[in-house]
Amino acid sequence: MALRLSLSLIFRIYALSLLLINVSFAKTLKRDVKALNEIKRLVGWRVVYSWVGDDPCGDKHLPPWSGVTCSTVGNYRVVVKLEVFSMSIVGKFPTAVTKLLDLTVLDMHNNKLTGPVPSEIGRLKRLKTLNLRWNKLQNALPPEIGGLKSLTYLYLSFNNFKGNIPKELANLHELQDLHLQENHFTGRIPAELGTLQKLRHLDVGSNHLVGSISDLLRIQGCFPALRNLFLNNNYFTGELPNKLANLTNLEMLYLSFNKLTGAIPSALANIPRLTNLHLDHNLFSGNIPEAFYKHPNLREMYIEGNAFKTDAKAIGAHKVLKLSDVDILV
C-alpha cells in the first residue's frame, strides 16, 4: 500500500513538473505580440507606462502588461482579456485590437477614443464582453458587430454614435445586457431585437429614436426575459399597447420625456414584478387605473407633466422632474 501511494505521488509530481515546464517555455503568439505593440505605439507610452518589455504576456524577468490577461493554448500563450479603462487614452479606436482573435473581454471604457468602431470588430468571434462606454466614438455602428455570436454584455453608452441601431444585433443570441443610451441614434428600434431570448436589460434612453411601442413589440413572444426597458428621452409616439403586459419579467419601465398619448391600459398593472414605472412628461390623459395603486411590488410611478385627471396620484416619494433637470440627472 505504501509503495502504491509513493508511486502515485511520484507520478503526480512528474505530471506537474511537465506542466510547469510547458508553461515556462510557452511563447506568446506572434500575432498577439505584434498587435499589442502596435496598440502601445498608438496610445503612447506615457499612458501605458506599465507596459514594459516586448512581450505583453510577460517573461521570466517581467510580469504581464497591466490590463492584459493571457492564457496558454497548446504551446503558445494568447491574449484573452484587454482591460485598459480610465487611462485617458486619446485618439482613434485602434484597429489592431481586432487582431487579438482570442479576446473574450475588451474593456476600454472611460477614455477619449474617437472615430468609428471599425468593421473589423466582427473578427472577435470569442468576445463575451465589449465595453466602450464613456468615450467620444462616432459614426454609425458597423453591422459586422452582429457577428460577435458569443457576446453577452454590450456597453456603448455615452458616446456620439449616430444612424440606425443595426438590426444585426438580433444575431447576438447570447446577449443579456444592451446599453446604447446617451448617443445620437435615429430611426426605429429594430423589432428583431425582441427575438433575443436572453436579453434582460435594454437601454436606448436619450437618443433621437422614433416610432411607437407597438412597433417594438410586433413580434409574437418578444423579449421573454426582459427585466429593464429604458426608452426615455426620445420621440416615441402613439398609445401604450396591452401587449406590454406580456413582458411578465419586466421590473423597470422608463417612458419619460417622449410624446406618448392616450390612456394607461389597466393590463400593465398585471405585470407581476413591476417595481418602477416612469410615465412622466408625455401626453397621456384620463385616469390612472386603480389596479396600479394596489400592485404589491410597484414602488415608484412618476406621472408628472401629462394631462391626467386631477385625482391621479404618483406612487413613491420622489422629486418632481422638470425638463431643465434632465441634463443634471443623466
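In UniProt numbering, the protein residues as written are 1 to 330.
Think of the CB as a built atom: it goes at the ideal place given N, C-alpha and C, for glycine as much as any other residue.
As the structure is a computational prediction, the values presented were derived from the model and not from experiment.
Per the coordinates, the alpha-carbon of threonine 310 lies some 21 Å from the alpha-carbon of leucine 255. Taken in chain order, the complete beta strand (DSSP E) segments of 3 or more residues contained in the segment 194–258 are 201–203, 228–230, 237–239, 252–254.
Inclusion of asparagine 297 and threonine 275 in the CB contact set at 8 Å is warranted, their separation being smaller than that value.
If you draw a straight line from the Cα of leucine 240 to the Cα of isoleucine 303, it is about 14 Å long. Where asparagine 282 is concerned, there is no enclosing beta strand (DSSP E), because DSSP gives it neither an H nor an E. Taking 8 Å as the cut-off, the beta carbon of threonine 114 is found no closer than this to the beta carbon of lysine 99. For valine 68, the enclosing beta strand (DSSP E) stretches over residues 68–73.
Of Val80, Leu156, Arg188, the smallest CA-CA separation from histidine 208 is found for Arg188. Around the beta-carbon of histidine 61, fewer than 16 other beta-carbon atoms lie within 10 Å, marking it exposed. Sorting Tyr49, Leu103, His184, Ile145 by C-alpha distance to the C-alpha of alanine 170 places Ile145 at the top. Sequence-distant partners of alanine 191 (beyond 5 residues in either direction) whose C-beta falls short of 7 Å from its own C-beta, in its chain, are Asp215, Leu216, Arg218, Ile219. Asparagine 276 is bridged by DSSP to Met252, Glu300. DSSP lists Val90 as the bridge partner or partners of lysine 112. Of all alpha-carbon atoms in Leu180, Ala307, Val52, the one lying nearest the alpha-carbon of asparagine 37 is that of Val52.
Shown here, phenylalanine 161 sits in a strand according to DSSP, grouped into three states. In the DSSP assignment, asparagine 37 falls within the unbroken alpha helix (DSSP H) covering 30–43.
Counted as a single uninterrupted DSSP element, the beta strand (DSSP E) harbouring asparagine 131 occupies residues 129–131.
Taken through DSSP and simplified to helix, strand or coil, asparagine 139 comes out as strand. Spatial neighbours of leucine 229 in its own chain (CB-CB distance under 6 Å, excluding positions within 5 residues in sequence) are listed in chain order as Leu202, Leu253.
Just so you know, the alpha carbons of valine 117 and asparagine 135 end up roughly 11 Å apart.
Counted as a single uninterrupted DSSP element, the beta strand (DSSP E) harbouring valine 79 occupies residues 76–83. Taking C-beta separations shorter than 8 Å and ignoring five residues to either side along the sequence, the partners of tyrosine 235 in its chain run His208, Leu209, Val210, Asn258, Lys259, following chain order.
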